[in-house]
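Working notes, beginning with the structure itself.
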Amino acid sequence: MEARSSRELQARNYLEKHRIMDLLTYLTSALLFFRPERPREYLISILERLRIARLSGVALPFFMDNSNIASMFEMLDSSNKGSISFVQYKEALKTLGLCTAEEVLKDDGHGVTFDKFRNEVKTTGTIDTSKRISPLCDTAVLGQTLPVLKEATVWGR
């Protein structure tokens, strides 16, 4: 029984060290967001771009257009109130890779409108490949209109 527990702990440590679950979350999110016709080729292209970004250290632009931003906001605003909660807002920014779990955002007590959401997404849209990010910030945009990382993680190290 202890050998199994030790192997599980080693496996968990390995996955955490190399951020495998973060990578899988990112790849899965991109697949579900874009639903490409050829998912394998799509995943390969994302991995190639992540590798190039990591090797070059170049910040990649965040290409999320207004229709993608509006779609995301509409999904969050399922009751069509015209605003989302602060918690939804922060989680969306994390999902897009535009903030880290450690970042403190000020909650003014009011809902977040589409305009505020759109402006935040557009003004923070750069992928900095020289830094690591926290686990929840793993979906952002790599050279096309798709989810990508604000700060690309050096996976596999």
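Residue numbers (the UniProt record's numbering): 1 to 157. Where a beta carbon is used, it is the ideal one built from N, C-alpha and C, also for glycine. Everything numeric in this text was worked out from a predicted model, so none of it was measured.
Check: C-alpha gap between Lys17 and Phe117, whole angstroms; Outcome: 33 angstroms
Check: Distance between beta carbons of Gly109 and residue 207, contact taken as under 8 angstroms; Outcome: An answer regarding residue 207 cannot be provided, because it is not within the stretch 1 to 157 covered by the chain.
Check: Enclosing alpha helix (DSSP H) for Lys17 [first to last residue]; Outcome: 2 to 17
Check: Beta-carbon separation (whole angstroms), Ala92 vs Leu76, contact threshold 8 angstroms; Outcome: 6 angstroms
Check: Helix, strand or coil at Val112 [DSSP, three-state]; Outcome: strand
Check: N-terminal and C-terminal residue of the alpha helix (DSSP H) that Asn66 is part of; Outcome: 66 to 76
Check: Those residues which DSSP pairs with Ser83 across a bridge; Outcome: Thr113
Check: Sub-8 angstroms separation of Pro39 and Leu47 beta-carbons; Outcome: no
Check: Inter-residue Cα distance where the pair is Val87 and Asp107; Outcome: 9 angstroms
Check: C-alpha gap between Glu74 and Arg7, whole angstroms; Outcome: 44 angstroms
Check: Rounded C-alpha distance that separates Thr113 from Gly82; Outcome: 6 angstroms
Check: Residue burial classification, Leu27 (beta-carbon count within 10 angstroms, cutoff 16); Outcome: buried
Check: Check whether Ile44 and Val121 have beta carbons under 8 angstroms apart; Outcome: no
Check: Alpha helix (DSSP H) segment containing Asp107, residue limits; Outcome: Per DSSP, Asp107 belongs to no alpha helix (DSSP H) and is neither H nor E.
Check: Alpha-carbon to alpha-carbon, Ser5 and Arg49; Outcome: 37 angstroms
Check: Per-residue burial, Tyr14 [other beta carbons within 10 Å of its own, 16 or more giving buried]; Outcome: exposed
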